[in-house]
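Here the structure is laid out as C-alpha cells; the discussion comes afterwards.
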Amino acid sequence: MKVSFRSAKTAVIAALLENDQLSRLELSDRAGVSPAAITEVTQHLLQQGLLLETPAMNAGKRRGRPTVQLSLQASHSCFVGVSINEEKIQLAITDLRGEVLGHEEVTEHNDLDGLPAAIQASFTRMLRKSGVARSRVRGVGISVAGIVDAEAGICRYSAGLDWRDVPIAEKIAAALKLPAWADNDANAIAMGEKIFGRGREYDNFSIVMLGRTIGSAHYMNGMLYRGHDGSAGEIGHITVDPKGPPCRCGRNGCLDTLAGGYALRQAAKKAGLSIQNMRDLEDLAMRGNAKAIKLLRDAGAALGSAIATLVHLNDPAAVLFTDLEGFENGLFRTATRQAIENGILPRFLASTQIIFGDGEPVSLPRSAASIAAFNYLIAL
Numbered sequence: 130m131k132v133s134f135r136s137a138k139t140a141v142i143a144a145l146l147e148n149d150q151l152s153r154l155e156l157s158d159r160a161g162v163s164p165a166a167i168t169e170v171t172q173h174l175l176q177q178g179l180l181l182e183t184p185a186m187n188a189g190k191r192r193g194r195p196t197v198q199l200s201l202q203a204s205h206s207c208f209v210g211v212s213i214n215e216e217k218i219q220l221a222i223t224d225l226r227g228e229v230l231g232h233e234e235v236t237e238h239n240d241l242d243g244l245p246a247a248i249q250a251s252f253t254r255m256l257r258k259s260g261v262a263r264s265r266v267r268g269v270g271i272s273v274a275g276i277v278d279a280e281a282g283i284c285r286y287s288a289g290l291d292w293r294d295v296p297i298a299e300k301i302a303a304a305l306k307l308p309a310w311a312d313n314d315a316n317a318i319a320m321g322e323k324i325f326g327r328g329r330e331y332d333n334f335s336i337v338m339l340g341r342t343i344g345s346a347h348y349m350n351g352m353l354y355r356g357h358d359g360s361a362g363e364i365g366h367i368t369v370d371p372k373g374p375p376c377r378c379g380r381n382g383c384l385d386t387l388a389g390g391y392a393l394r395q396a397a398k399k400a401g402l403s404i405q406n407m408r409d410l411e412d413l414a415m416r417g418n419a420k421a422i423k424l425l426r427d428a429g430a431a432l433g434s435a436i437a438t439l440v441h442l443n444d445p446a447a448v449l450f451t452d453l454e455g456f457e458n459g460l461f462r463t464a465t466r467q468a469i470e471n472g473i474l475p476r477f478l479a480s481t482q483i484i485f486g487d488g489e490p491v492s493l494p495r496s497a498a499s500i501a502a503f504n505y506l507i508a509l
C-alpha cells in the first residue's frame with residue numbers, strides 16, 4: 130500500500146523527534162517509509178529549513194561518500210508555553226528540541242479578564258530578554274490545571290481556578306496574535322516527555338505528576354490517550370479511603386487528599402509540624418520524627434497502590450514520575466516504590482520501569498510549549 134506524502138512526512142518527523150539524528154536509510158527503517166518517499170520528504174523539509182544535514186565519516190577507512198545524518202533544525206522554530214494553575218502562571222519559550230530560551234512569571238493580573246493582557250506583557254518581556262525574533266515563534270501551548278477540551282481549546286472545569294467553560298486558547302491566541310492550543314497539565318507533561326524527554330523511546334508509558342495534586346496521563350501505541358471525552362488520567366480522584374478527608378470534588382478519601390502536595394502540607398500543619406515544603410517534611414522524617422514518617426509512608430503507600438492498579442490496567446513499559454514538590458530521594462519515593470512492587474504481579478514487576486525524576490521551575494511551561502510544537506509539526 131502506497132503511503133501518502135503527508136503520512137510519510139509525519140512518520141519522518143516523529144522518527145527524528147525520537148532520535149537526535151538518523152541517516153536516510155535509518156529513517157526509512159524507523160519510519161516504515163520507502164527510500165524513494167524518504168528522499169521526497171526530506172528534500173521538502175530541507176527546502177523548508179526544518180532539517181539539518183551533517184556529513185558523518187564512514188566507519189574505518191571504507192571508500193565511498195560519507196553517510197549524511199539528518200536532524201531537526203532546532204533553531205527553525207520557537208514555541209511559547211503558558212502554564213496556568215492556582216499557585217502561579219509561568220511562560221517559557223523553547224526551540225524545536227525543547228531547549229528553554231526564556232522564562233517569565235506572570236504577576237500583574239487580578240482576574241480572568243486581565244489575564245490575556247498580563248500574559249501578552251510577559252511574552253513581550255521574554256522575547257526581549259531572550260533575544261528571540263518574534264517571527265520565529267510558531268505558536269503557543271497552554272497547560273491548565275483542570276479538565277480541558279483540547280480540540281476546542283476550552284477549559285471545561287478547574288476547581289482551583291474556579292473556571293467553567295473558559296475558551297482559554299482563543300483568549301490567548303487573540304492576545305499574542307499566534308495560533309494557540311490548550312490541554313491539561315498532566316497531558317502537557319506527557320507530551321513534553323514524548324517529544325522532548327524521557328518518553329521518546331517508549332510507545333507505551335504513563336506519567337505521574339507529583340504536585341499540589343496528583344495527575345497522570347498515558348501514551349498508548351505512540352499516541353496520547355484521552356478517553357471518551359478527553360478526561361482520561363484523573364488518578365487524583367481515585368478513592369483510596371472512603372472514610373478519608375473530604376476532597377474538593379465533593380467526595381471523601383481521593384488520592385489527592387492523601388498524597389497531593391497541598392494535602393500533605395495541610396496535614397503536617399495540623400500535626401504541629403513546621404514545614405515550608407516537602408523537603409522540610411522529608412528532613413524531619415530522616416531525623417526520626419514519627420509524625421513526618423507516618424505522613425510520608427501513608428502518602429507513598431496510597432500513591433503506590435493506585436499506580437499498581439494503573440500498571441495492571443494499562444501495562445505500560447514505564448511509569449515516569451515528575452516530582453514538582455521536591456520530595457527527592459526520600460521516604461515518600463521509597464514508600465511509593467515499595468507499594469507498587471508489592472501490589473503488582475511478578476510479570477509486571479519484571480517488565481515495567483518505575484522512574485522518578487525531579488521537576489524544574491520551568492517544567493510546566495516547557496511542557497506546555499510541547500503542545501504547540503506537536504500541533505505545529507503535524508500540520509506541516
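First residue of the sequence shown? That's 130 in the numbering used here, and the numbers climb one at a time after it.
The C-beta atom is built at its ideal place from N, Cα and C for all residues, glycine as well.
Do you know how far the Cα of residue j is from the Cα of residue i?
{"i": "R226", "j": "L201", "result": "8 angstroms"}
{"i": "C383", "j": "T438", "result": "15 angstroms"}
{"i": "E228", "j": "N214", "result": "23 angstroms"}
{"i": "I324", "j": "A419", "result": "42 angstroms"}
{"i": "V295", "j": "V273", "result": "11 angstroms"}
{"i": "A309", "j": "G268", "result": "6 angstroms"}
{"i": "D158", "j": "Q150", "result": "13 angstroms"}
{"i": "E155", "j": "K398", "result": "56 angstroms"}
{"i": "S492", "j": "H173", "result": "33 angstroms"}
Could you tell me whether the Cβ of residue i comes closer than 8 angstroms to any Cβ of chain D?
{"i": "I422", "result": "Of the protein chains in the structure, only one exists, and it is not chain D."}
Measure the Cβ-Cβ separation of residue i and residue j and say whether it is below 8 angstroms.
{"i": "A304", "j": "I248", "result": "yes"}
{"i": "A129", "j": "A160", "result": "Any answer about residue 129 is impossible in this case: the structure gives the chain only from 130 up to 509."}
{"i": "I500", "j": "V448", "result": "no"}
{"i": "A311", "j": "V369", "result": "no"}
{"i": "V211", "j": "I222", "result": "no"}
{"i": "E147", "j": "E280", "result": "no"}
{"i": "S206", "j": "R135", "result": "no"}
{"i": "E237", "j": "A250", "result": "yes"}
{"i": "T451", "j": "I336", "result": "yes"}
{"i": "Y348", "j": "D332", "result": "yes"}
Spell out the partners DSSP gives residue i in its beta bridges.
{"i": "F485", "result": "F450"}
{"i": "M255", "result": "DSSP, once it has assigned bridges, lists no residue as partnering M255."}
{"i": "Y354", "result": "H347"}
{"i": "S272", "result": "S212, D312"}
{"i": "F456", "result": "BP columns for F456 are empty, so no partner."}
{"i": "M338", "result": "G344, T451"}
{"i": "C378", "result": "Paired residue(s): none; C378 is not in a bridge."}
{"i": "T438", "result": "None, per the DSSP bridge assignment."}
If we count the other Cβ atoms within 10 Å of its Cβ and call it buried at 16 or more, is residue i buried or exposed?
{"i": "V197", "result": "exposed"}
{"i": "M130", "result": "For M130, the predicted structure reports a pLDDT of 45, less than 50, and the residue's modelled location is therefore unreliable. The matter cannot be settled from this model."}
{"i": "H357", "result": "exposed"}
{"i": "A498", "result": "buried"}
{"i": "K138", "result": "buried"}
{"i": "K300", "result": "buried"}
{"i": "E454", "result": "buried"}
{"i": "D242", "result": "exposed"}
{"i": "Q405", "result": "exposed"}
{"i": "Q219", "result": "buried"}
{"i": "R416", "result": "exposed"}
Stretch-stretch touch, CB-based, cutoff 8 angstroms, three pairs: the segment 285–294 with the segment 315–334: no
At least 3 beta-carbon pairs within less than 8 angstroms: the segment 341–350 vs the segment 384–397: They touch, by the three-pair rule.
Contact the segment 433–451 vs the segment 398–412: 3+ CB pairs below 8 angstroms: no
Any 3 or more C-beta pairs closer than 8 angstroms across the segment 455–468 and the segment 410–427: Yes: the two stretches touch, three or more of their Cβ pairs being nearer than 8 angstroms.
contact_flag[the segment 464–480, the segment 171–183] where n(CB pairs < 8 angstroms) is 3 or more: no
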